[in-house]
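Numbering (this note's numbering), first residue to last: 5 to 444.
Where is the CB? At the ideal position from N, CA and C, for every residue including glycine.
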Ligand SMILES: Cc1cc2nc3c(=O)[nH]c(=O)nc-3n(C[C@H](O)[C@H](O)[C@H](O)COP(=O)(O)OP(=O)(O)OC[C@H]3O[C@@H](n4cnc5c(N)ncnc54)[C@H](O)[C@@H]3O)c2cc1C
């Protein structure tokens with residue numbers, strides 16, 4: 005008896021989508037898997053988030069590339085669900101639909117002055133330096149002496165490190181040309197990393213924190229009085245180990261102290277809550293309030309102080325961007341789901357399922373678990389009933405939407421690598437240029 009192939013649609017070709025595609029492709033022979041992405045390029049935050057000077061981390065893209073190139077798998081880049089095709093249409097087309105759209109919207113600080121010029125969310129800033137094409141031209145202002153970065157995670161460290169590095173230190177990165185010029189023209193003297201809670205609560209990984217000790221033109225500044233001698237009893241074992249390692253690095257930075265007179269200073273400021281951004285049309289000063297941590301929460305002390313901040317970048321987390329019809333948990337900013345199940349035939353994995361936490365390998369475990377769930381749900385019913393590609397292709401063609409396919413992405417990749425001049429690649433950053441390369 006002939007079975008019709010099962011049709012699987014995956015929205016988002018980042019790590020989570022690729023891991024799901026790989027797992028389902030291995031178990032369901034003959035499956036037709038379509039992977040949509042709003043960008044003409046695949047790999048989500050591996051290309052658009054992971055720091056350009058951490059090329060080793062980006063190597064995982066080679067594995068995802070193999071997944072996209074497998075028989076039965078199609079890449080449909082430059083197709084935004086919610087704009088070019090609707091969620092309802094995808095549900096009608098695919099036997100199984102998996103939403104892996106990540107979390108791309110910046111959480112807001114919610115303080116006065118956030119609307120001033122030279123105040124940015126890290127999502128926007130990181131996408132800019134990683135060469136992600138934007139709907140509107142974005143050129144951040146880095147024309148002052150002082151930059152404040154709010155947040156105590158690795159994203160804040162990435163931004164501070166890239167701003168602190170010299171052109172030579174960035175030579176082996178794939179930082180895009182527009183950011184290289186802007187960084188080279190900047191005359192930043194002070195970078196402030198601001199955390200609401202204490203150093204033991206920071207979610208820095210120790211290796212990334214330690215990189216600040218090796219930068220050629222940047223000195224670190226840590227107030228030894230801010231470093232606890234004892235860790236809170238309620239810390240779990242993993243967090244305790246991380247906090248101990250991080251504190252050791254921070255103590256080293258505190259000891260170097262003011263005698264380190266290099267021209268750029270990276271200040272680690274803990275227990276400080278942003279209250280307002282002041283300025284004359286653009287940011288000039290960040291007003292902060294001292295906090296103390298009680299039972300894991302930052303409690304305000306009433307003591308206020310200000311730092312100069314000509315640019316303010318918030319790195320306090322992200323929310324997913326829902327498209328019409330998608331069940332959404334607005335409070336948490338994630339796709340509404342129960343262990344990955346959204347509604348019959350629809351599943352979710354990755355950052356849009358769990359929230360914006362966890363490194364790339366964490367998505368693998370999550371995606372494999374969701375793939376197992378899907379396999380259990382369709383047990384015995386692995387033949388397709390829905391029209392799959394035939395419906396999607398006719399809808400897109402009728403709207404004049406031309407997806408960038410896997411071969412198109414390979415042409416973009418080849419064009420970027422060919423222009424590299426000693427770098428890993430020279431990224432194409434304008435949508436028109438990306439589409440022209442894909443269709444060349
Ligand atoms: C700044 C930054 C630095 C990081 N650095 C590291 C690091 O060094 N090491 C590490 O292991 N992890 C790092 N991470 C974490 C890592 O990037 C995430 O764990 C991972 O990318 C999450 O994968 P995902 O597939 O769930 O989401 P994403 O990677 O965000 O992929 C989601 C995909 O969905 C697409 N999409 C969104 N909406 C639509 C739509 N409507 N239609 C079609 N497509 C859509 C997006 O274009 C994107 O390609 C970093 C994260 C950030 C933000």
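With respect to the 7 Å criterion, residue 373 and residue 27 are not classified as neighbours on the basis of their beta carbons. The segment 320 to 335 makes no contact with the segment 58 to 72: fewer than 3 CB pairs, one atom from each, lie closer than 8 Å. Between residue 10 and residue 21, the gap from beta carbon to beta carbon reaches 7 Å or more. The beta carbon of residue 277 lies closer than 7 Å to those of 200, 292, 293, 295, 302, 304 in the same chain, with the five residues before and after it left out. If the five residues before and after residue 403 are omitted, its C-beta is found closer than 7 Å to the C-beta atoms of 88, all from its own chain and listed in chain order. Just so you know, the alpha carbons of residue 266 and residue 365 end up roughly 37 Å apart. Linking residue 436 to residue 33 through their CA atoms gives a straight-line distance of about 37 Å.
Ranked by Cα distance from residue 306, the options 329, 314, 284, 279 are led by 279. Looking from the CA of residue 203, the closest CA among 146, 249, 194, 190 belongs to 249. Boundaries of the alpha helix (DSSP H) harbouring residue 71: 64 to 72, taken from the DSSP string.
Non-local beta-carbon contacts of residue 430 in its own chain, meaning distances under 7 Å to residues more than five positions away in sequence, involve 181, 420, 423, 424 in chain order.
For the pair residue 226 and residue 254, the CB atoms are nearer than the 7 Å cut-off.
The secondary-structure analysis by DSSP pairs residue 409 with nothing; it has no beta-bridge partner.
In terms of Cβ geometry, residue 84 and residue 145 do not form a close pair [threshold 7 Å]. C-alpha of residue 168 to C-alpha of residue 368: approximately 32 Å in a straight line.
Secondary structure at residue 364: helix, using DSSP grouped into helix, strand and coil.
Ranked by Cα distance from residue 115, the options 392, 347, 282, 261 are led by 282. According to the DSSP assignment, residue 187 belongs to the alpha helix (DSSP H) that extends over 181 to 189. Cβ neighbours of residue 392 within its own chain (closer than 7 Å, five residues either side excluded): 11, 36, 97, 98. In the three-state scheme derived from DSSP, where H, G and I count as helix and E and B as strand, residue 309 is classed as strand. The C-beta distance from residue 102 to residue 352 rounds to 7 Å, short enough to meet the 8 Å contact threshold. Residue environment: residue 126 is assigned as buried (16 or more neighbouring CB atoms within 10 Å of its CB, all protein chains considered).
The three-state secondary structure of residue 204, taken from DSSP, is helix. Distance check between residue 309 and each of 207, 198, 396 places 198 closest, using alpha-carbon atoms only. Taking all protein chains shown into account, residue 363 has fewer than 16 neighbouring C-beta atoms within 10 Å of its C-beta and is therefore exposed.
About 45 Å separates the beta carbon of residue 315 from that of residue 100, a gap too long to meet the 8 Å contact definition.
Inter-segment contact for the segment 202 to 218 and the segment 157 to 174 is present: three or more beta-carbon pairs are separated by less than 8 Å. Rounded to the nearest angstrom, the Cβ distance from residue 415 to residue 442 is 6 Å, consistent with a contact under 8 Å.
According to the DSSP assignment, residue 162 belongs to the alpha helix (DSSP H) that extends over 158 to 168. The Cβ atoms of residue 311 and residue 129 lie no closer than 7 Å to each other. In the three-state reduction of the DSSP assignment, residue 375 falls in the helix class. By the CB criterion at 7 Å, residue 154 and residue 163 fall outside the cutoff.
Here residue 371 is buried, its C-beta having at least 16 other C-beta atoms within 10 Å. Note on residue 31: under 16 other CB atoms within 10 angstroms of its CB, so exposed under the neighbour-count rule. By the criterion of a C-beta distance shorter than 6 Å, residue 350 is surrounded in its chain by 101, once the five residues flanking it on both sides are discounted. Residue 82 and residue 58 have their C-alpha atoms spaced approximately 26 Å apart.
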